[in-house]
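In this note's numbering, the protein residues as written are 15 to 242.
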């Protein structure tokens, strides 16, 4: 394992205002993820899991602290640089797949690559390879409405990793799936991370799935606490 985290949150703080009341959501979060490592984020609703993922993914800026991606500090980056880094280094998977309904499975995976600037033919080749790896080779021309929930979520995973990011952030990626399908989608994520060196931070309420990851952490009083 490399001595440099691929993603590091250092003393990250985030608060919101409700009238005169200040809500401290994150209160000095320290967290390091390394290549090929899978980390489960297990915490009750309202603890700040989504806020932490948004900050880790450069979708929000912290009020204090620093987010490092591959050793590079991001707090002084302008919005364009943050967007470029997010597009190339970070992949997202959400509880709902958010696939574009008017595009096929293949087109949904091609699109982020062409936005990045990859030639369409090469993007299609890479997309086909990914979908085949995720056992969706026979479903590439199907639209989201023609796919099962598990298939839709696997397409979403393929889309998230299409640009070969360093980090995958997932917010309850199996929350809408039945237990058997959830286990299969989760196994896909784990295999992908371990075979490609991807670092994965996965927020989940499923303790059985969390126990299969390399590390388990929770949020307590706005700080990260390692679980046994």
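Yeah, the Cβ is synthetic: ideal placement off N, Cα and C, and Gly gets one too.
| Check | Outcome |
| --- | --- |
| Nearest residue (CA-CA) to residue 101, options 111, 127, 40 | 127 |
| Residue 22 to residue 123 span [Cα, whole Å] | 28 Å |
| Contact set for residue 175: own chain, Cβ-Cβ below 6 Å, skip 5 residues either direction | 105 |
| Proximity below 8 Å, CB of residue 119 to CB of residue 161 | yes |
| Distance, residue 234 Cα to residue 149 Cα | 38 Å |
| Helix, strand or coil at residue 51 according to DSSP, with G and I counted as helix | coil |
| Pair within 8 Å by beta-carbon distance, residue 165 and residue 173 | no |
| Length of the line joining the Cα atoms of residue 44 and residue 145 | 35 Å |
| Residue 62 burial status per 10 Å Cβ neighbour count (16 or more: buried) | buried |
| Integer-rounded CB distance, given that residue 229 should sit under 8 Å from residue 42 | Actually they do not touch by this definition, with Cβ atoms about 19 Å apart. |
| Inter-residue CB distance, residue 186 and residue 217 (contact presumed, cutoff 8 Å) | 6 Å |
| Bridge partner(s) assigned by DSSP for residue 46 | 22 |
| Boundaries (first-last residue) of the alpha helix (DSSP H) holding residue 224 | 221 to 224 |
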